[in-house]
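These notes are about the structure you will find just below.
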Amino acid sequence: MTKMNRITQLFVKATEPILNVYATAGYPNFGDTLTVLHALQEGGVDIIEIGMPYSDPVADGETIQQSNQVSLDQGMTVAHLFEQLKAMRQTITVPVLLMGYINPVLQFGVEAFCKKCAEVGIDGVILPDLPMAEYESEYQAIFEQYGLYNIFLITPQTTDARIAQVDANSKGFIYMVSSASTTGAKTGISDIQETYFKRINGMNLKNPRLIGFGISDRASFVKASESAAGAIIGSAFVKLLGQTQNLHADIVGFVQSIKGKK
Amino acid sequence: MKQSFQVDERGYYGEFGGAFIPEMLYPNVEELRSRYLDIIAEPAFKKEYDDLLRDFVGRPTPLFKAERLSAKYNTNIYFKREDLCHTGAHKVNNTVGQILVAKRLGKNKIVAETGAGQHGVATATVCALMGMECIVYMGAIDIERQAPNVARMRMLGAQVVAAQSGSKTLKDATNEAMRHWINNPVDTHYIIGSVVGPHPYPDMVARFQSVISEEIRSQLLEKEGRDYPDYVIACVGGGSNAAGAFYHFLDEPRTQLIAAEAAGKGINSGHSAATTFLGKPGVLHGSKSLLMQTADGQVIEPYSISAGLDYPGIGPMHANLSLTGRARFFGVTDVEALDAAVECSVMEGIIPALETAHALAVFDKLQAKPDEVIVVNLSGRGDKDLSTYQQHLKLND
Chain A
1024 MTKMNRITQL FVKATEPILN VYATAGYPNF GDTLTVLHAL QEGGVDIIEI GMPYSDPVAD
1084 GETIQQSNQV SLDQGMTVAH LFEQLKAMRQ TITVPVLLMG YINPVLQFGV EAFCKKCAEV
1144 GIDGVILPDL PMAEYESEYQ AIFEQYGLYN IFLITPQTTD ARIAQVDANS KGFIYMVSSA
1204 STTGAKTGIS DIQETYFKRI NGMNLKNPRL IGFGISDRAS FVKASESAAG AIIGSAFVKL
1264 LGQTQNLHAD IVGFVQSIKG KK
Chain B
174 MKQSFQVDER GYYGEFGGAF IPEMLYPNVE ELRSRYLDII AEPAFKKEYD DLLRDFVGRP
234 TPLFKAERLS AKYNTNIYFK REDLCHTGAH KVNNTVGQIL VAKRLGKNKI VAETGAGQHG
294 VATATVCALM GMECIVYMGA IDIERQAPNV ARMRMLGAQV VAAQSGSKTL KDATNEAMRH
354 WINNPVDTHY IIGSVVGPHP YPDMVARFQS VISEEIRSQL LEKEGRDYPD YVIACVGGGS
414 NAAGAFYHFL DEPRTQLIAA EAAGKGINSG HSAATTFLGK PGVLHGSKSL LMQTADGQVI
474 EPYSISAGLD YPGIGPMHAN LSLTGRARFF GVTDVEALDA AVECSVMEGI IPALETAHAL
534 AVFDKLQAKP DEVIVVNLSG RGDKDLSTYQ QHLKLND
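And the structure:
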């Protein structure tokens, strides 16, 4: 792979806080995946994270769980998702990540999965239940062969030694979980969290960080972005997807409001 | 090299096991992994554990010769009476051990999942004993079908929370308990009730349950003049009672290990929980094992009449025992289990738990010889299942 990964490019040239938005694939309706991607890009999102639905998403709270179930009930599979994303790169220019759990990837076949990711133009993957040691011994070589970044998470409980290890193994950015929680469980940023953010900033890591979990609006996005390269919004956006009557316009409006463009 | 059926230093049994957990759980699981062997080897820990097993749980549990069943099947059948443990099943062997570990890790709150409610009751019991706060997640459907155990947990001071996601049974209760632990990582220990979950749980739970086979050995020596049976039979959902009953015989080639899985309405009926027959390698609840799943890797909702066996996975130790052929697995249907429960009740005066009844349904299939010795792990008593028995056996008509 000679060309620079889109994620790296983004962080190199970014001049303002980076907004990464998570959307469950095939939600609210099976055929909405690309519509959602287009509207996110039009609104000015910097990175899109597409959730591959899973029956047992243990790191996720109620909102994302429920969206996963709806999507599965509508027939979404990893294979269908790749089909939907086949022509994505004709229009989508922002970096795109796939987020999901390891079991569907294992059943699809790790190499086949990475190959498909490269084919449709996926830049990175977030698999919270794939542990770092397992990744290094079994997956890293395949991921790298297909130019795919594996994004690791750190939490307030992660030790400095392990953070250093995560930093050494990371490419693109580190996903900094803002508090001990599942997705969508807590909102806002507290003083304790700011102490944690400061501690991480003081470590001089080589990778930039995006803060996720508990970021839901312009205020929490701005606050988080003071301590990192940007932030990730998941549950708050999925909630909007579940309620909106006007998918395209509401998504564009949501992203613009978070970015302060409206 | 000699084949080992024990866990290796990476936390694997053959190709199964490991610790597939989100980073949010890593510090807790890593702390447990790095300390559990040292903690349970401490003389003070051993003494406290052994004393509680004797004085609180009521161990050793008897090894009882089931004379009438032995005569019927023309062999020698013994029951390991785990049903006589305090709280009515083997589950308490593990909860006593884990709460002592939790204390040494400085935790003061406990979270647990439960299927039939036996593990929940056993957890609530040791929390009451140690003055720790206890939250038990239980599938909403299981809360309905196991009402007496829900009441027992509440009387013991535990908070019972209904798992409303997915199939609303054991799998979902486990998801919710894991989420609770993610949200409460500092002061809480998660007492997993079976030999499932990320390493070191399968090994730790197996060790705490291994007292079952340790006692079988010495009791059999006394009764039969040899310290191994020809067969050990146990039911398997996640597989904790089987792990305990098999443990000291894993490397004893003269002992056949027999596992009874819940085949529900028939292995291929679409309503079953017979994981070794229907599962493929996959990852659920933190370990790689056999798993009932779709081609896309979504977990399939299992079915069994017994809430304790209603689980789409199986402990990694058992997946390895199945794959290597070290243990023989039988699928036992709801109807066969109900028949076996009646047989055990009327012929031996013991009403078994529905889970246990699956283990009692395989005598026919074994074709044991008259001089052979079978030990069945009688893992629990049937009080909690009375309403199911009443309904299916028409006991009140």
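Going line by line, the protein sequences match chains A and B. Plus 1023 on top of the position in the first sequence (first one is 1) and you've got this note's numbering. Plus 173 on top of the position in the second sequence (first one is 1) and you've got this note's numbering. All residues carry an ideal CB built from backbone N, CA and C; glycine is no exception.
Please classify residue i: does DSSP put it in a helix, a strand, or coil?
| i | result |
| --- | --- |
| B:V202 | helix |
| B:V180 | coil |
| B:C258 | coil |
| A:G1283 | coil |
| B:V508 | helix |
| B:F193 | coil |
| B:E306 | strand |
| B:N322 | helix |
| B:R499 | coil |
| B:L210 | helix |
| B:H444 | coil |
| A:V1119 | strand |
| B:M311 | strand |
| B:N550 | strand |
| A:I1071 | strand |
Give the single residue among the options whose Cα lies nearest to the Cα of residue i.
| i | options | result |
| --- | --- | --- |
| B:E388 | B:F237, B:Y185, B:M377 | B:F237 |
| A:V1200 | B:A513, B:G191, B:E196 | B:E196 |
| A:G1170 | A:A1242, A:G1257, A:L1120 | A:L1120 |
| B:I314 | B:A335, B:M303, B:G330, B:A295 | B:A335 |
| B:H292 | B:T347, B:Y186, B:Y209 | B:T347 |
| A:K1194 | A:D1273, A:T1182, A:L1176, A:T1206 | A:L1176 |
| A:A1187 | A:V1245, A:L1042, A:I1223 | A:I1223 |
| B:R327 | B:S552, B:T296, B:D181, B:G481 | B:T296 |
| B:V274 | B:G190, B:E204, B:S367, B:F193 | B:E204 |
| A:T1086 | A:D1273, A:P1154, A:Q1266 | A:Q1266 |
| B:H372 | B:A436, B:L457, B:R277, B:N249 | B:L457 |
| A:A1191 | A:K1229, A:L1150, A:A1252 | A:K1229 |
Would you verify that the beta carbon of residue i is, or is not, closer than 9 Å to some beta carbon of chain A?
| i | result |
| --- | --- |
| B:D469 | yes |
| B:L257 | no |
| B:E196 | yes |
| B:N281 | no |
| B:A239 | no |
| B:M311 | no |
| B:A297 | no |
| B:G191 | yes |
From the DSSP output, read off the bridge partner residues of residue i.
| i | result |
| --- | --- |
| A:M1199 | A:I1177, A:I1234 |
| A:L1270 | Note: A:L1270 sits in no beta bridge, so no partner. |
| A:A1254 | A:L1042, A:I1234 |
| A:D1083 | A:T1206 |
| B:Q429 | B:Y404 |
| B:T361 | B:K282 |
| B:R232 | BP columns for B:R232 are empty, so no partner. |
| B:Q466 | B:V472 |
| B:E434 | B:V409, B:G504 |
| A:G1144 | Answer is none; A:G1144 lacks a bridge partner. |
Out of curiosity, what's the CA-to-CA distance linking residue i and residue j?
| i | j | result |
| --- | --- | --- |
| A:T1239 | B:H491 | For the sequence presented, residue 1239 of chain A should be read as Ser rather than Thr. One C-alpha to the other measures close to 44 Å. |
| B:P235 | A:Q1163 | 53 Å |
| B:G279 | B:F218 | 14 Å |
| B:I272 | B:I364 | 8 Å |
| A:Y1124 | B:K253 | 41 Å |
| A:G1237 | A:S1204 | 9 Å |
| A:V1245 | A:E1039 | 11 Å |
| B:I283 | A:T1182 | 23 Å |
| A:V1148 | A:E1167 | 12 Å |
| A:Q1064 | A:V1143 | 17 Å |
| B:A375 | B:P489 | Ala is not the amino acid found at residue 375 of chain B; the sequence shown has Pro there. Roughly 7 Å between the two C-alpha positions. |
| B:S560 | B:I478 | 12 Å |
| A:V1101 | B:A500 | 35 Å |
| A:M1024 | A:I1197 | Confidence at A:M1024 is low in this model, with a pLDDT of 46, below 50, so the placement of that residue should be treated as unreliable; the coordinate-derived value is given next. A:M1024 and A:I1197: Cα-Cα distance of roughly 22 Å. |
| A:A1259 | A:P1127 | 25 Å |
| B:M174 | A:P1051 | Note on B:M174: pLDDT 46, under 50, position unreliable in the model; no value is reported. |
Does the beta carbon of residue i fall short of 8 Å from some heavy atom of the ligand GTP?
| i | result |
| --- | --- |
| B:Q429 | This structure lacks the ligand GTP; in fact it carries no ligand of any kind. |
Output yes if chain B places a C-beta closer than 9 Å to the C-beta of residue i; else output no.
| i | result |
| --- | --- |
| A:A1048 | no |
| A:L1129 | yes |
| A:A1203 | yes |
| A:P1231 | no |
| A:E1217 | no |
| A:S1078 | yes |
Just checking: is the beta-carbon of residue i within a distance shorter than 9 Å of some beta-carbon in chain E?
| i | result |
| --- | --- |
| B:H444 | Protein chains A and B are contained in the structure displayed, whereas chain E is not. |
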